[in-house]
Every structure is written in C-alpha cells, then in structure tokens.
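J.: There's a structure below that I have some questions on.
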Amino acid sequence: MVQPDGAAGEWPEEVAAVRRELAEHGPPRSPDGAPDFATVTLPERDCDQVRDLLVDEGVGTVVEIGLAYAGSALAIGEALLRAGSATPRHVVIDPFQYTAYDGVGWELLCSAGLDDVAELVTEPSQQFLGRLAGVGFAADAAFVDGSHHFHNVFVDLHFLGEIVRPGGIVLLDDVWWPSVGAAAAYFETNLGWHPLPDALADGTTDPDSGRPRTRAYRLPAPPPTPDFKEFRPFC
684 MVQPDGAAGE WPEEVAAVRR ELAEHGPPRS PDGAPDFATV TLPERDCDQV RDLLVDEGVG
744 TVVEIGLAYA GSALAIGEAL LRAGSATPRH VVIDPFQYTA YDGVGWELLC SAGLDDVAEL
804 VTEPSQQFLG RLAGVGFAAD AAFVDGSHHF HNVFVDLHFL GEIVRPGGIV LLDDVWWPSV
864 GAAAAYFETN LGWHPLPDAL ADGTTDPDSG RPRTRAYRLP APPPTPDFKE FRPFC
C-alpha cells in the first residue's frame, strides 16, 4: 500500500481531525441501547499517549481488541501513519461492532481513510487470536480493551504473547478493574512482562485508588519458558 504524500503528508492530519471531532462532539449517532460513549471510550489525553508511545516504538503492525466508537483505534491508526511504515497494518477485533454499536466505529475509521490500513474482525478475540498465532502472524504491538472477564482477558494476553514480537508492546486498558489487573499480573509475575509506568504517566487514574486506567508492558526478549514447578502466585 502506498500512503498518499507519505507518512509526513496530510493523511495523518486528516485522521487527527476525525479524532478531535469525535472527542469534542461524540460519535455521529448513538445506537439505541449502545454503551455510553464517555464510559467506554478511552479519553483523548490517554489516546494521545498511546499514539505517542506507538510512534516512538516505530510500529508497523498493531492488533487491537475492542473497537466500540473508535477512539483508541483512530489514535492507533494515526500512530501507524506517523511511524512511517510503508505497509502499516491494523487488525481490529470486535464481535459487537455491528450488534451493539451499529458499525459506528468502523464508519469513523473509514471516514478517516483508514480502511486501507485497518481490517475489522467480527468474531470473539479468544477464537480469532488462536488462529492468528497458529499461522505465525506477527505484530509490533497490541492494544487490549475487549472482554473484562478474567478468563477472556487471560486468553487474549496468552495469544498476544505469541503474536507480539519479543521486545514489543502490549497496552491494556481498564487495568484498574480487578479481573483485568489479575490477568495481567500473571504475565508480569510469571512470564516477565515488564510494566512501563512512565510510558503513560499522565493518563487517567482511578480517583479513589490512584491506579492507572491503562498500562503498557514490554514483552521479554527472548520469551521465557519457565518450568511449571516455578509457578508463582500472582494475586
């Protein structure tokens, strides 16, 4: 794929403009019964930090779980363009995009011209990621904001550990929820995923506990293969 005007041209600015419009005015429509935009969408300042981190990482391929209204997806798309890859690729997984959100998030990505970069998968991530890992698909980073059930988050992170390259980045939203934080704690405690607290230092925090909403992890290189007898309790 050839980017119009290159990564330094007008295209990233067009994506940024769609991002600003969404942050300031919300989605173009709110489907009946759909989750509230402000509740489910990553705040703009957090999206800015995600974008900046991914640009610094020079990402070319990103897997994202959860599209909703496309707040984080637009930030990731902008990052992919600004990072300068000749073939940026954004795999977005959301089984509820058309059932709960009436396709609003995907329409916003398309309106930003990102349908040549992004592809939407509308099946559960716990099923699709296994197949993706099975064919040797590799990504530079992942952003996870899908199911918040412990077992689903755990499965997502397990397969992303196989998909994201050694030394790559996994970003996990809503880590302040005990179910999400506990799943992440296993990979941090037993598989050497290294938290990067400074990467998202100015992001949203829980007003009661002060815990960050989003956390970044760097995957170890090379990946460890611990013996099962070395298991360490993680929560």
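First residue of the sequence shown: 684, per our numbering; consecutive thereafter. Using N, Cα and C, we set each Cβ at its ideal position, and we do this for glycine too. Values in this document were obtained by computation on a predicted structure and should not be read as measured data.
Starting from the C-beta of residue 691, find all residues in its chain whose C-beta is less than 7 Å away, skip the five residues before and the five after it, and write them out in chain order.
T.: For the purposes of this step, residue 691 is taken as the residue at position 8 of the sequence shown. For residue 691, the pLDDT reaches just 46, beneath the cut-off of 50, and the residue's location in the model is therefore unreliable, leaving the point undetermined.
J.: Helix, strand or coil for residue 634, going by three-state DSSP, please let me know.
T.: Look at the range of the chain in this structure, 684 to 918, and you will see that residue 634 is not part of it.
J.: Can you tell me whether residue 829 is buried or exposed? The criterion is at least 16 other CB atoms within 10 Å of its CB, across all chains shown.
T.: On the sequence shown, residue 829 is found 146 positions in, with the first residue counted as 1. So residue 829 ends up on the buried side.
J.: Just grab the DSSP bridge partners of residue 802 for me.
T.: For the purposes of this step, residue 802 is identified with residue 119 of the sequence shown, where counting begins at 1. According to DSSP, residue 802 bridges with 774.
J.: Quick one: what's got a C-beta closer than 7 Å to residue 882's C-beta in the same chain, skipping five residues either side?
T.: As a first step, residue 882 is located in the sequence shown; it is residue number 199 there, counting from the start. Here the set comprises 736, 899.
J.: Would you report the Cα separation of residue 725 and residue 818, rounded to the nearest angstrom?
T.: Here residue 725 corresponds to residue number 42 of the sequence shown, with the count starting at 1. Here residue 818 corresponds to residue number 135 of the sequence shown, with the count starting at 1. The alpha-carbon atoms of residue 725 and residue 818 are separated by roughly 31 Å.
J.: Would you list, in sequence order, the uninterrupted beta strand (DSSP E) runs of no fewer than 3 residues that lie entirely inside the segment 823-888?
T.: Correct list: 847-855.
J.: Can you check DSSP and say which residues form a bridge with residue 747?
T.: Mapped onto the sequence shown, residue 747 falls at position 64. In the DSSP output, where bridge partners are listed per residue, residue 747 has 775, 826.
J.: Could you give the distance in angstroms between the alpha-carbon of residue 836 and the alpha-carbon of residue 860?
T.: Sequence index remark: in the sequence shown, residue 836 carries index 153 (1-based). Sequence index remark: in the sequence shown, residue 860 carries index 177 (1-based). One C-alpha to the other measures close to 11 Å.
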